[in-house]
Amino acid sequence: MRMTTAGAGQEEMGGRRLEAYTLANVWRTTYLRYDVVHTSKQSRSNMKKEALLAAEKSDH
Numbered sequence: 836m837r838m839t840t841a842g843a844g845q846e847e848m849g850g851r852r853l854e855a856y857t858l859a860n861v862w863r864t865t866y867l868r869y870d871v872v873h874t875s876k877q878s879r880s881n882m883k884k885e886a887l888l889a890a891e892k893s894d895h
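Be aware that the sequence shown starts at 836, since it is given in the working numbering, and climbs by one per residue.
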């Protein structure tokens, strides 16, 4: 994301809105990324559990 520098007066007015917008975007992308990472971690740990169970079965 590219940030453009505005005039001092304009920045005062638009800065707040831009800040809120940026925060919302950052929050959304971070949340989505966390969601994806969390989901893949979940499935990875499930795969590990399944592999361990399979290994235990083959041991006995």
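Note that beta-carbon positions come from the ideal geometry of N, C-alpha and C, so glycine has one too.
From residue i to residue j, what does the alpha carbon distance come to, in whole angstroms?
i	j	result
K884	R863	31 Å
Y866	R851	22 Å
A859	S878	28 Å
S875	Y856	29 Å
K871	E854	Looking at the sequence itself, residue 871 is Val, so the reference to Lys does not match. The alpha-carbon atoms of V871 and E854 are separated by roughly 25 Å.
R868	L887	28 Å
D894	V861	49 Å
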